[in-house]
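**Q** Mind looking over this structure? Questions follow.
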Amino acid sequence: MAVRIGFFGCGGIAGAHFNALSQIPEAQPVAFCDIDPSRAEAAAQRFGGKAYTDWKQMLDSEKLDALYVCVPPHAHVGAEEAAAERGIHLFVEKPVARTLEKAKAIEAAIAKSGVISSVGYHFRYMATTQKARELLEGKTVGMVIGWWMGGMPGVAWWRVMEQSGGQFVEQTTHIVDLARYLVGDIVEVYALMTNRKLHREVENYSVYDVGAVAVKFANGVIGAIHNTCLLNMGWRVGLEIVTPDLVVETDWGSVKATEPGKVTTYQLSSNPYLEENRVFIHAILTGDRSAIRSTYADAVKTLAVTLAANRSAETGQPETV
0 MAVRIGFFGC GGIAGAHFNA LSQIPEAQPV AFCDIDPSRA EAAAQRFGGK
50 AYTDWKQMLD SEKLDALYVC VPPHAHVGAE EAAAERGIHL FVEKPVARTL
100 EKAKAIEAAI AKSGVISSVG YHFRYMATTQ KARELLEGKT VGMVIGWWMG
150 GMPGVAWWRV MEQSGGQFVE QTTHIVDLAR YLVGDIVEVY ALMTNRKLHR
200 EVENYSVYDV GAVAVKFANG VIGAIHNTCL LNMGWRVGLE IVTPDLVVET
250 DWGSVKATEP GKVTTYQLSS NPYLEENRVF IHAILTGDRS AIRSTYADAV
300 KTLAVTLAAN RSAETGQPET V
């Protein structure tokens, strides 16, 4: 059986899904919608499907089993709800919306329809993440330190707070979600965010370029997650989890376990984009959702943490998630 797939948004991260789905025999991308006709046409030519610039027309014209939504945070304008009403399963890229109100509306539509949902928090599908979970099993976690440090993405919408939500919402959301996955739900945040450089150099720039967020987990663990987009020398992305007799540090390709008198580094290769897509397609074919590691409802909890951090940065006060 082929799973007929439509795409709303064909730029950026959609390319990772195109590459992954091309390796899954049962996956059949057939329809592609983008506000840039050239992107939709290029995807349609690659897979032999049809290009659209109107997602409503695409949903009305095509018989789809699944819809991939790969648009910026502010561009969630009803496609998910419409797809859910039609019984079309949903894969949505992170962050799932720009506002919690919008995300909750989509979450309700998914719950009402019963369609399968998955969200692109691909760190959950990394071999390094699963090794970290294995190492932390049964441990008492004391604190968490996370970081996402790099440069500013080149797309114009990213640097506009009303559209992207800023770095903590749009990028560092991966570290927040990874912390939730490995340690538990976050219930309170206190954020300091400011601008040091980019606001003087970049036109139409309204997001913060540095930030630090203290977090409190429901289980009593505390932590701090830092980010910056002014770094001009590559990327530093990772999470460190501290227990009394073990410190686990994980990043894109390795896990370091530090114990008394011993340091072990695990170099683990994996293709998390392929794995998250394979799991989603398998769930559609079998009805078994158990291997999906990030449902839409769970991803809304990560969004709530990042939006609470933005509120805290504005109010100067701790914010409940």
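Going left to right, the sequence shown walks through residues 0 to 320 as numbering that gives the first Met the number 0 numbers them. Cβ atoms here follow ideal geometry from the backbone N, Cα and C, with glycine treated the same way.
How about Arg123 and Ser293: do their beta carbons lie closer than 7 Å?
**A** In contact: Arg123 and Ser293 (Cβ atoms closer than 7 Å).
**Q** Compute the Euclidean distance between the alpha carbons of Glu326 and Met232, then round it to the nearest angstrom.
**A** Because the chain is modelled from 0 through 320, residue 326 falls outside the range shown and cannot be assessed.
**Q** Return yes when the Cβ of Phe7 is within less than 7 Å of the Cβ of Ser117, no when it is not.
**A** In this structure, Phe7 does not lie closer than 7 Å to Ser117 by Cβ.
**Q** Look up His281 in the DSSP assignment and say whether it is helix, strand or coil.
**A** His281: helix per DSSP, three-state reduction.
**Q** I'd like the span of the alpha helix (DSSP H) that includes Leu89, first residue to last.
**A** Here Leu89 belongs to no alpha helix (DSSP H); instead the beta strand (DSSP E) covers 88–91.
**Q** Would you check if the distance between the CB atom of Val188 and the CB atom of Glu318 is smaller than 7 Å?
**A** Contact: yes.
**Q** For Pro94, is the classification buried or exposed, using 16 other Cβ atoms within 10 angstroms of its Cβ as the cut-off for buried?
**A** Buried, by the Cβ-count rule.
**Q** Please classify Tyr51: does DSSP put it in a helix, a strand, or coil?
**A** Three-state result, Tyr51: strand.
**Q** Can at least three beta-carbon pairs, one atom from the region 104–111 and one from the region 66–80, be found at a separation below 8 Å?
**A** Yes, the region 104–111 is in contact with the region 66–80.
**Q** Answer yes if the region 298–305 comes into contact with the region 176–194, meaning at least three C-beta pairs across the two stretches below 8 Å, and no otherwise.
**A** Output reads yes: the region 298–305 touches the region 176–194.
**Q** Which of helix, strand or coil does DSSP assign to Ser333?
**A** As shown, the chain starts at 0 and ends at 320. That puts residue 333 outside it, with no answer to give.
**Q** Could you give the DSSP three-state label for Leu66: helix, strand or coil?
**A** DSSP places Leu66 in strand when its eight states are reduced to three.
**Q** Per the contact definition of three or more C-beta pairs closer than 8 Å, is the region 262–271 in contact with the region 189–204?
**A** The region 189–204 vs the region 262–271: no contact.
**Q** Taking only runs of the beta strand (DSSP E) that begin and end inside the region 109–196, which ones reach a length of at least 3 residues, in chain order?
**A** Qualifying beta strand (DSSP E) stretches, in chain order: 116–118, 142–148, 185–193.
**Q** May I ask which residues mark the beginning and end of the alpha helix (DSSP H) holding Gly14?
**A** Start and end: 13–20.
**Q** Does the beta-carbon of Arg38 have 16 or more other beta-carbons within 10 angstroms, so that it is buried, or is it exposed?
**A** Buried is the call here.
**Q** Strictly under 7 Å for the Cβ-Cβ distance: is Tyr51 near chain B by that measure?
**A** Going by chain labels, chain B is absent from the structure shown, which holds only one protein chain.
**Q** Please report the residue range of the beta strand (DSSP E) in which Pro28 lies.
**A** Note, Pro28: beta strand (DSSP E), 26–32.
**Q** Shortest alpha-carbon distance to Lys138 belongs to which of Val182, Lys111, Val209?
**A** Nearest of Val182, Lys111, Val209 to Lys138, Cα basis: Val182.
**Q** Please classify Ser311 as buried or exposed, where buried requires at least 16 other C-beta atoms within 10 Å of its C-beta.
**A** Answer is buried; the Cβ neighbour count reaches 16.
**Q** Let me know if Ala110 comes out buried or exposed under the rule of 16 or more other beta-carbons within 10 Å of its beta-carbon.
**A** Answer is exposed; the Cβ neighbour count stays below 16.
**Q** Contact check, Trp251 vs Val241 under 8 Å by CB: the rounded distance?
**A** Between Val241 and Trp251 the Cβ distance is about 20 Å, and since that is not below 8 Å, they are no contact.
**Q** Gly14 to Tyr272, Cα distance in whole Å?
**A** Going from the Cα of Gly14 to the Cα of Tyr272 covers about 10 Å.
**Q** What did DSSP end up calling Arg97 once you bin it into helix, strand or coil?
**A** Arg97 falls in the coil class under three-state DSSP.
**Q** When burial is assigned at 16 or more other CB atoms within 10 Å of the CB, is Gln170 buried or exposed?
**A** Buried, since its Cβ has 16 or more Cβ neighbours within 10 Å.
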